[in-house]
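These protein sequence lines map, in sequence, to chains A and B. Under the working numbering, the first sequence has 36 at position 36, and the numbering climbs by one with no breaks. Under the working numbering, the second sequence has 78 at position 78, and the numbering climbs by one with no breaks. Glycine is no exception: its CB is placed at the ideal position from the N, C-alpha and C atoms. Written out below as structure tokens is the structure these notes cover.
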Amino acid sequence: MSTASIAPALSELAVGQDLGSRSITVSRQDLVKYAGASGDFNPIHWNEAFATSVGLPGVIAHGMFTMGAAVQLVTDWAGDPAAVVDFQTRFTKPVLVTDTTGTEEPGAVIEVSGVIGALDADAGTARVDLTVVFAGQKVLMKAQAVVRLA
Amino acid sequence: MTINPDLQGRSYPAAEVYDVGREKIREFARAVKATHPAHFDLDAAKALGHRDLVAPPTFAIIIAQRADAQLIEDPASGIDFSRVVHADQRFVHHRPIFAGDRLIAELHVDGVRAMGGGAMITTRAEIFALTGENTADGPGASREAVSTTTSSILVRGEGQ
């Protein structure tokens with residue numbers, strides 16, 4: 001396991017600064033793991049027949065899976081997960097996860113990128129604005145994490 | 001069945017204590033594909049000045065959704081869980097959640113708004129750590145504010 005990165009200094013940050021990007025692969029098994037870990041067993045996240053019976057195109061990821069996975073870009077950059085003092089989003093589009101069980105192929109790929117959206121020197125915080133995209137569409141809107149920095 | 005408009009302003013008191021375990025933090029961290037060592041390795045967490053493993057920023061959803069279940073499963077609410085869509089979510093952390101915390105949640109129904117044949121319901125869970133006697137409501141119990149979570153769910157009406 002890698003060591004924690006050095007925390008960025010607030011005074012050295014600028015609004016608009018790019019914090020990089022990453023791809024998150026998602027499989028049906030990942031959704032079963034998230035269901036177990038979170039206690040959210042809604043069958044739309046693991047049962048194709050149920051999902052389509054309620055009008056969905058197929059099994060979709062938990063919004064909270066996407067939100068929880070997307071913020072890792074922020075915690076890794078901040079160097080301490082405890083630095084995230086506020087995190088919010090709206091869920092706008094579902095992430096459809098194809099059944100690729102038994103293959104090496106991901107069922108979906110989510111692209112996450114982050115920029116500094118605002119700085120508050122008095123509060124000692126930086127706001128990171130995340131862009132979270134699946135299949136060319138933003139699946140989270142107003143995905144903002146406020147990070148306390150030294 | 002329609003959503004009961006009288007839900008707005010309703011509160012549900014803390015029902016049960018949630019004991020935060022190290023293995024649960026590790027399991028949840030893996031489930032959201034987190035790799036930061038402060039979730040897994042006690043020495044790494046302590047090196048950052050923390051008393052125990054640190055929960056990921058969205059870990060509080062476990063406690064918040066348990067609190068929400070009181071409302072969703074309340075027959076008087078009129079909510080059909082199979083028609084629920086998560087619309088938005090916010091976590092405000094007054095302090096991090098650590099392994100060893102004993103947490104309780106009070107649920108408040110802050111908003112009920114009709115939308116088409118359905119409704120948008122906004123709930124807020126105030127999450128506290130027990131710091132005194134180990135009971136939620138026992139004499140001498142004291143508590144520390146940990147997180148405020150806010151979520152809106154859309155309950156789809158027929159044909160939505």
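Residue state for R148 (chain A) is assigned as strand, using DSSP reduced to three classes. Secondary structure of R156 (chain B) (DSSP, three-state): coil. Interface residue (Cβ-Cβ distance to chain A less than 8 Å): D101 (chain B) is not classified as such.
Secondary structure note for D120 (chain A): its beta strand (DSSP E) is the uninterrupted segment A108 to D120.
Exposed is the label assigned to P13 (chain B), since fewer than 16 other Cβ atoms lie within 10 Å of its Cβ. For R95 (chain B), the CB contacts under 7 Å within the same chain, skipping 5 residues up- and downstream, are V146 in chain order. Rounded to the nearest angstrom, the Cβ distance from A45 (chain B) to L53 (chain B) is 5 Å, consistent with a contact under 8 Å.
Sequence-ordered contacts of the region 91 to 112 of chain A with chain B read F91 [C-beta pairs closer than 8 Å].
Per the coordinates, the alpha-carbon of D120 (chain A) lies some 14 Å from the alpha-carbon of Q144 (chain A). For Q88 (chain A), the uninterrupted beta strand (DSSP E) run begins and ends at V84 to F91, by DSSP. Nothing from the region 125 to 137 of chain A brings a Cβ to less than 7 Å from some Cβ of chain B.
Judged by DSSP in its simplified three-state form, S77 (chain B) adopts helix. The DSSP assignment places complete alpha helix (DSSP H) segments of no fewer than 4 residues inside the region 28 to 58 of chain B at 42 to 47, in order along the chain. Listed along the chain, the chain B residues whose CB falls inside 9 Å of the CB of T89 (chain A) are D88, Q89 and R90. Contact of I60 (chain A) with chain B is not assigned, every C-beta pair being separated by 8 Å or more.
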